[in-house]
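Quick notes on the structure that follows.
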Amino acid sequence: MPDDIRAISRTGQHPALAVTCPHCGAHDRAPCTTRSGRRRITDAPVHPARITAWVIATAVCPACQVAPGTPCRVGGRAIPEPHPQRVQEAEVTA
2 MPDDIRAISR
12 TGQHPALAVT
22 CPHCGAHDRA
32 PCTTRSGRRR
42 ITDAPVHPAR
52 ITAWVIATAV
62 CPACQVAPGT
72 PCRVGGRAIP
82 EPHPQRVQEA
92 EVTA
């Protein structure tokens, strides 16, 4: 197991915590909260929107060949969700 993945599994933190959550507005390295910011989310480590933002920010998409930071494209148009291959690529590089 690579050292960076081993460190994440030891700390129990999801790698998507490296980006700001577009759903609740939690800053990077801070846990997700409710939209009002009053309570931390305990049933899931991060919001799905935060995972999507992390995937787009960190991985190159093998399906459509876009660079990190650029949303995936189909037929020249941006799509809201990244390709499954890009999600796998981000998980491998984490």
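Residue numbering for the sequence shown follows this note's numbering, starting at 2 and increasing by one per position. No residue lacks a Cβ here, since even glycine has one placed at the ideal position from N, Cα and C.
Give me the Cβ distance between R51 and P23, rounded to the nearest whole Å; I'm assuming they're in contact under 8 Å.
Contact between R51 and P23 holds, since their C-beta atoms are separated by about 7 Å, short of 8 Å.
Could you say which of P69, T35, C65 and R87 lies nearest to G77 if we only look at CA atoms?
Per the C-alpha coordinates, the member of P69, T35, C65 and R87 positioned closest to G77 is C65.
Taking P81 as the reference, give the member of C33, P72 and P46 with the closest Cα.
Put simply, of C33, P72 and P46 the residue whose alpha carbon is nearest the alpha carbon of P81 is P72.
With a floor of 4 residues, list each alpha helix (DSSP H) that falls wholly inside the segment 63–94, ordered by position along the chain.
85–94
Taking the alpha-carbon positions, what's the D29 to P85 distance?
24 Å
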